[in-house]
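> Just add 537 to the spot in the sequence shown (first one is 1) and you have UniProt numbering.
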Amino acid sequence: SAKQQGRNTYQWFSEELNTSANYRVKLRNELQDAIEDDSLTVYYQPVIDSRTGRARSVEALVRWEHPSRGLISPGDFIPLAEDTGQIIALGKQVLNKACRDMVKLHAAGFRECSVAVNVSPIQVRKDDFIRTVQEALASSGLPPEALELEVVESAILNDTDQVIKTLHELRELGVRLAIDDFGTGFSSLSYIKLMPANKIKIDRSFIKDVIQNRSDAAITQGVISMAHHLGLEVVAEGVETEAHAAFLRKHQCDLLQGFVFARPMPFEDIKNYMNTHGACATTRNETETTNR
Ligand code: C2E
Ligand code: MG
Ligand code: MG
Ligand code: MG
538 SAKQQGRNTY QWFSEELNTS ANYRVKLRNE LQDAIEDDSL TVYYQPVIDS RTGRARSVEA
598 LVRWEHPSRG LISPGDFIPL AEDTGQIIAL GKQVLNKACR DMVKLHAAGF RECSVAVNVS
658 PIQVRKDDFI RTVQEALASS GLPPEALELE VVESAILNDT DQVIKTLHEL RELGVRLAID
718 DFGTGFSSLS YIKLMPANKI KIDRSFIKDV IQNRSDAAIT QGVISMAHHL GLEVVAEGVE
778 TEAHAAFLRK HQCDLLQGFV FARPMPFEDI KNYMNTHGAC ATTRNETETT NR
């Protein structure tokens, strides 16, 4: 087949793959195979309610298990997929998988769990994005409230009016919206009030040194306060230490996400995780106790 041939040519040309242009072409072709085989995997990272210490949502993070290179992280292929337009097909697959997995998790008893899916600005700008989301919800049966879409601030830098309109339409479907990597974009603060978001995710670059760096601490506190005054929830990304978590709890950050709680994991592991650390598990146990 063409694909086997593709793999053979890899051996053949491997010594010539020393220029980045060649590398990109090869990676693009291999990514195309992965998309066509539907072989990309979705990992899930729990997001923790800072008051209860329990998880009530997960973030879907795509993984590429490359046949010879091992696990490739999205930072290494999402930008490429955005350049080549492959992000459209890839993004659809991730969205559909995430919705289907969440329906399975609901069926296992974790009915209040929601899933956050990252979407590229390129996806949001595509005319049929609303339909893509509707179809993912309809074919999986996931209630729209259980789906959150994460977009970066810069998504609205181009085609501002059209993107804002799309975001409003998504909200009308019942889907929730989060502004991802907040603070790293170049957008003006006035864009925030245009974005119909439910949530702000503080970029992990601010959290990393939040204990020792006064500017990072001030920015983090300021963003939390601003978000609350806007009626939005706040998530801190990259919570790596107990000290980070304590600082964020003290300053009323609503949700915490990071390696100190859990790393992204395959779907098979999420059910176990939720059994011991999920907010919904508590509810379920209480119900079971009442019924007895
Ligand atoms: P993101 O949406 O900001 O996702 C959070 C990233 O931070 C994830 O990296 C996660 O593994 C990592 N992370 C979580 N906790 C910690 C921590 O405590 N410390 C550190 N150092 N890192 C932590 P990942 O999975 O490599 O994803 C990187 C980026 O790739 C994502 O950043 C997102 O922008 C993009 N991405 C991932 N999956 C998708 C996808 O399905 N579609 C699109 N369009 N982009 C995606
Ligand atoms: Mg994200
Ligand atoms: Mg982020
Ligand atoms: Mg990021």
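No residue lacks a Cβ here, since even glycine has one placed at the ideal position from N, Cα and C. Being a predicted model, the structure only gives us computed values, none of them experimental.
Report whether the distance from the Cβ of Glu777 to the nearest heavy atom of ligand 3 is below 7 Å.
Not so, every heavy atom of ligand 3 lies at least 7 Å from the Cβ.
> Which runs of the alpha helix (DSSP H), 4 residues or longer, sit entirely within the segment 554-642?
The segment 554-642 contains these whole alpha helix (DSSP H) runs: 557-573 and 611-621.
> With DSSP as the reference, identify every bridge partner of Phe719, one or two as the case may be.
Answer is Ile739.
> Among Val631, Leu710 and Ser594, which residue has its Cα nearest to the Cα of Ile585?
The residue with the shortest Cα to Cα distance from Ile585 is Ser594.
> Indicate the three-state DSSP secondary structure (helix, strand or coil) for Ala539 in the structure shown.
Its pLDDT being 43, under 50, Ala539 is placed unreliably in this model, and the value from its coordinates should be taken loosely. In this structure, Ala539 counts as helix in the three-state DSSP scheme.
> Compute the Euclidean distance between the alpha carbons of Arg741 and Phe796, then round it to the nearest angstrom.
Looking at the two C-alpha atoms, the distance is approximately 11 Å.
> Give me the residue from Leu684, Val700, Lys629 and Leu694 with the minimum Cα distance to Val640.
Nearest option by C-alpha distance: Leu684.
> Is Val760 closer than 8 Å to His720 when the C-beta atoms are compared?
Before going further, note that residue 720 is Gly rather than His in the sequence given. Their beta carbons are under 8 Å apart, which means Gly720 touches Val760 by this criterion.
> Let me make sure I understand the geometry here. Which of Lys563, Gln582 and Glu567 has the alpha-carbon closest to that of Gln794?
Looking at the Cα atoms, Gln582 is the closest of the given residues.
> Can you tell me the Cα-Cα spacing of Leu564 and Ile615, whole angstroms?
Those two C-alpha atoms are separated by around 11 Å.
> In the DSSP assignment, find the unbroken beta strand (DSSP E) run with Ser651 in it and report its ends.
Start and end: Ser651 to Asn655.
> Taking a contact to mean a Cβ-Cβ separation below 8 Å, would you say Val688 touches Pro658 in this structure?
Yes, these two residues count as a Cβ contact at 8 Å.
> Among the candidates Leu769, Gly775, Met763 and Thr757, whose CA atom is the shortest distance from the CA of Lys787?
Ranking the options by Cα distance to Lys787, first place goes to Thr757.
> For ligand 3, is there any heavy atom lying closer than 7 Å to the beta carbon of Asp753?
Flag unset: Cβ of Asp753 not near ligand 3.
> Give me the Cβ distance between Ala592 and Ala816, rounded to the nearest whole Å; I'm assuming they're in contact under 8 Å.
Indeed, because the Cβ distance is near 6 Å, the residues count as touching under 8 Å.
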